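**Q** Mapping of the sequence shown onto the numbering used here: position 56 corresponds to residue 785, and the numbering continues sequentially without gaps.
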Amino acid sequence: MLTLRIIPAVLLLALPCAATAQRVDIGTGQHLHLDCTGRGSPTVILEAGAGDFSFVWSLVQSRVAVRTRVCSYDRGGYWQSDPGTRPRTYAQLALELRTALDRAGEKPPYVLVGQSYGGLVVRGFAKRYARDVKGMVLVDPVHEDEQIVYGGAPHRLRDQARGRTEPEPRIQLDTEYLRLARDSTVMSLGDSLPAPLDRLPRETQRRWLKAASQPLYRMAWAAEMDWSPEELARMHNERRTHRASLGSMPLVVLARTKTTPADTLERERQALMADLAALSTQGRLEYAPHSGHNIHLEDPALVVRAIREVVRR
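(1) Alpha carbon to alpha carbon, how far is Val789 from Arg796? Give it in angstroms, no decimals.
(2) Which class does Lys939 belong to by DSSP, given the choice of helix, strand or coil?
(3) So who's on the other strand from Ala984, going by DSSP bridges?
(4) Val878 to Gly769, Cα distance in whole Å?
(5) Please classify Leu841: does DSSP put it in a helix, a strand, or coil?
(6) Along the chain, where does the beta strand (DSSP E) that runs through Tyr802 open and close?
(7) What are the boundary residues of the alpha helix (DSSP H) that Lys856 is part of?
(8) For Pro745 and Ser810, I'd like the C-alpha separation in whole angstroms.
(9) Should Leu1048 be labelled buried (16 or more other beta-carbon atoms within 10 Å of its own) or exposed?
(10) Given a cut-off of 7 angstroms, decide if Gly848 and Pro870 are closer than it, judged by their beta-carbon atoms.
(11) Gln751 bridges to which residues according to DSSP?
(12) Quick test of your reading: Phe782 and Tyr807, contact by CB under 8 angstroms. State the CB separation rounded to the nearest angstrom.
(13) Alpha carbon to alpha carbon, how far is Leu1026 from Val785?
(14) Would you please state the rounded distance, in angstroms, between the beta carbons of Leu975 and Leu1008? I believe it to be under 8 angstroms.
(15) Grouping DSSP H, G and I as helix and E and B as strand, with all else coil, what is Arg1042?
(16) Go to Leu961, then tell me how far its beta strand (DSSP E) extends in each direction, as first and last residue.
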């Protein structure tokens, strides 16, 4: 996604190859769309940003697959993945993904790669399945203390947390969302995407527009955003007492440089990127010299190099 401003920014380069993609039954009739390519270990897991589909990783996945096994997937309610239990806690998302990987025979160890909101999700996965995770790459990730501008003013999303109790995650198909989606209207998004999305092949743009117009996708995305303040507040509180929560795990944080003129919020964001690199005693921060938020699309070679570095380490 281009931003976390509750605005999707998928840059879809190509749909997953039909020969490798599958809908994995994770229980109770719920399926996740999973696309794994390449051979080797560790297995790299690609986590997309809010509102983005698995195929946003097209330019990265094909190159990583040359050296090792790599999987992209769609969270519940996106593309061809069925909606799962609400609330959409990070533990819930982690359980669904881990179950899909297990049932598809994609065994650990894993290197997790998360872009934007996906950076938060992979941190949630690493918290629940610490033994499975051996490395991490965060691609212009969201920090729990980051301020987001909307309504003409900056806001910290964690300040919207209501102290809701987090339930134990469980695999359960969300039949209510399926019913609501059937009774909802498909949204017309026109016949083209705005720049820079208009650089994509026309057929790819049409397929993305069709996927993003579906009511279920919009519901699933909204459910993720609804619970996120609770997770950000929890992460903020935990880091006050445990800064290096990833221990000595190999970690690379990639941050954008193509931004609006530097101001207080931008300087704060840069400091927060350095703070995320401190999640591990072996973490490092690197700025992408030619990219905005979508480094995995604007400079995929840089992301591939970071992944290969962590895989080697």
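Glycine is no exception: its CB is placed at the ideal position from the N, C-alpha and C atoms. What you are looking at is a predicted structure, and each value in this text was computed from that prediction instead of being measured.
**A** In brief:
(1) 12 angstroms
(2) helix
(3) Tyr1016
(4) 42 angstroms
(5) When secondary structure is reduced to three states using DSSP, Leu841 falls in the strand class.
(6) 799-802
(7) 846-857
(8) Because Pro745 sits at a pLDDT of 37, beneath the cut-off of 50, its placement in the model cannot be relied upon, and the point is left open.
(9) Because residue 1048 is not part of the residues shown, which for the chain are 730 to 1042, the question remains open.
(10) yes
(11) Leu763
(12) 6 angstroms
(13) For Leu1026 and Val785, the distance between alpha carbons rounds to 8 angstroms.
(14) 5 angstroms
(15) coil
(16) Unbroken run through Leu961 is the alpha helix (DSSP H), 944-968; no beta strand (DSSP E).
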